[in-house]
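Residue 62 in this note's numbering is what sits at position 60 of the sequence shown, and the numbering runs on without skipping anything.
For glycine and all other residues, C-beta sits at the position ideal for the given N, C-alpha and C.
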Amino acid sequence: MCLISTGNDIVALDLTDIKRTEQGRFYTQILSNSEQKLYQQVSCPQLPFNQYVWLLWSAKESAYKYLKRLTPELVFSPTQIIIQSLKAPNRSGNDVNVTLWESTCDGEFYSGTIVHLSSTLYFRSKTSASWIATVVDQNESFKNIYWGVKSITENSVESQSAEARYFLIDKLRPYFNDLHFKKSLIGYPVIFNNGNELNIPVSIAHHGNYVSYSFVLDQAKLLSDNCEVDWTA
Numbered sequence: 003m004c005l006i007s008t009g010n011d012i013v014a015l016d017l018t019d020i021k022r023t024e025q026g027r028f029y030t031q032i033l034s035n036s037e038q039k040l041y042q043q044v045s046c047p048q049l050p051f052n053q054y055v056w057l058l059w060s061a062k063e064s065a066y067k068y069l070k071r072l073t074p075e076l077v078f079s080p081t082q083i084i085i086q087s088l089k090a091p092n093r094s095g096n097d098v099n100v101t102l103w104e105s106t107c108d109g110e111f112y113s114g115t116i117v118h119l120s121s122t123l124y125f126r127s128k129t130s131a132s133w134i135a136t137v138v139d140q141n142e143s144f145k146n147i148y149w150g151v152k153s154i155t156e157n158s159v160e161s162q163s164a165e166a167r168y169f170l171i172d173k174l175r176p177y178f179n180d181l182h183f184k185k186s187l188i189g190y191p192v193i194f195n196n197g198n199e200l201n202i203p204v205s206i207a208h209h210g211n212y213v214s215y216s217f218v219l220d221q222a223k224l225l226s227d228n229c230e231v232d233w234t235a
């Protein structure tokens with residue numbers, strides 16, 4: 003089985019405290035010294051500092067989810083997962099298959115690189131007035147990455163988790179007919195079809211009234227009549 007993974011995260015901005023986020027004793031628990039300097043170096047006038055903090059948090063959380071699947075003993079330490087570069091929104095993300103609940107995605111993302119020890123990942127982040135969402139991958143092209151964001155009305159923890167799973171299953175339903183989730187021993191979601199574990203890494207996230215997913219799926223292989231692909235682990 004290929005060592006592929008995925009990770010995504012979402013932050014509901016209405017649940018963040020702007021004043022607290024901008025206090026040094028808070029943001030220094032998230033941002034490394036180099037990341038604090040990075041904000042002064044990048045040209046993102048449309049990104050207030052408090053949103054910068056949460057954008058980087060979402061990137062770090064996404065990277066942690068990605069790496070945890072491959073390194074089960076990994077412990078989340080935000081300042082040890084380093085955002086090395088950040089670019090303002092552009093159309094470089096048109097190849098990401100994004101499903102946004104509010105409109106067709108315009109392909110404009112914040113993008114950059116993340117480093118943790120010897121691992122380098124790439125991220126794409128989408129912002130709105132209400133949320134910040136991020137997805138990561140090991141390939142800068144984000145080929146075969148699917149990513150979705152959706153609003154929900156009920157925000158209890160149980161409803162959030164269920165809505166995130168349903169959102170993902172709806173996207174995968176055209177390819178599989180009996181999908182359900184289980185948790186791995188270390189906590190990441192695993193998806194099954196007809197009782198068989200699929201070799202398709204998935205990630206779900208929720209915060210407040212928003213849910214999101216990411217997964218890796220090569221449709222060309224899946225739909226090809228010329229090759230047989232075993233999607234079970």
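So for residue i, helix, strand or coil by DSSP?
i, result
"VAL218", "strand"
"ASP172", "helix"
"ASP19", "coil"
"VAL194", "As written in the sequence, residue 194 is Phe, which differs from the Val given in the question. Strand, per DSSP."
"TYR212", "strand"
"ASN141", "coil"
"SER121", "strand"
In or out: residue i buried (at least 16 other Cβ within 10 Å) or exposed?
i, result
"VAL159", "exposed"
"LYS145", "exposed"
"THR30", "exposed"
"ASN196", "exposed"
"PRO47", "exposed"
"ASN228", "Low confidence applies here, because ASN228 scores a pLDDT of 32, under 50, leaving its location unreliable; read the following figure in that light. Under this definition ASN228 is an exposed residue."
"GLY26", "exposed"
"SER113", "buried"
Taking the alpha carbon of residue i as the point to measure from, which residue in the options has its own alpha carbon closest?
i, options, result
"ASN157", "ASP16, GLY9 and THR8", "ASP16"
"GLU110", "SER120, HIS118, ILE116 and ARG126", "ARG126"
"GLU63", "THR81, PRO47 and PRO91", "THR81"
"ASP180", "ILE188, ASN198 and GLU37", "ASN198"
"GLN86", "GLN43, LEU76 and ASN52", "GLN43"
"GLY9", "HIS182, THR155, PHE178 and ASN141", "ASN141"
"LYS67", "SER7, ASN52 and PHE183", "SER7"
"GLY189", "GLY210, ASP172, THR155 and LEU69", "LEU69"
"ALA164", "LEU187, PHE183 and PRO176", "PHE183"
"ALA172", "ILE193, SER143 and LEU49", "One detail in the question is off: residue 172 reads as Asp in this sequence, not Ala. Closest option to ASP172, Cα to Cα, is ILE193."
"ILE147", "LEU170, THR73 and PRO91", "LEU170"
Please look up how many angstroms separate the CB atoms of residue i and residue j, rounded, as I've assumed it's under 8 angstroms.
i, j, result
"VAL138", "TRP149", "Rounded, the Cβ-Cβ distance is 10 angstroms, inconsistent with contact."
"LEU33", "THR129", "In fact, because the Cβ distance is near 17 angstroms, the residues do not count as touching under 8 angstroms."
"VAL117", "SER214", "Actually they are not in contact, since the Cβ atoms of VAL117 and SER214 sit about 23 angstroms apart, beyond 8 angstroms."
Please report how far the alpha carbon of residue i lies from the alpha carbon of residue j, in whole angstroms.
i, j, result
"LYS21", "SER120", "35 angstroms"
"PRO191", "PHE217", "11 angstroms"
"THR23", "SER45", "21 angstroms"
"TRP133", "TYR212", "8 angstroms"
"ALA131", "ALA61", "18 angstroms"
"THR122", "GLU37", "16 angstroms"
"LEU174", "ILE206", "13 angstroms"
"GLY210", "SER161", "10 angstroms"
"ALA166", "HIS208", "7 angstroms"
"TYR124", "THR115", "5 angstroms"
"LEU76", "SER143", "26 angstroms"
When the cut-off is 9 angstroms and only beta carbons count, does residue i lie next to chain B?
i, result
"TYR124", "Absent from the structure: chain B. Only one protein chain is present."
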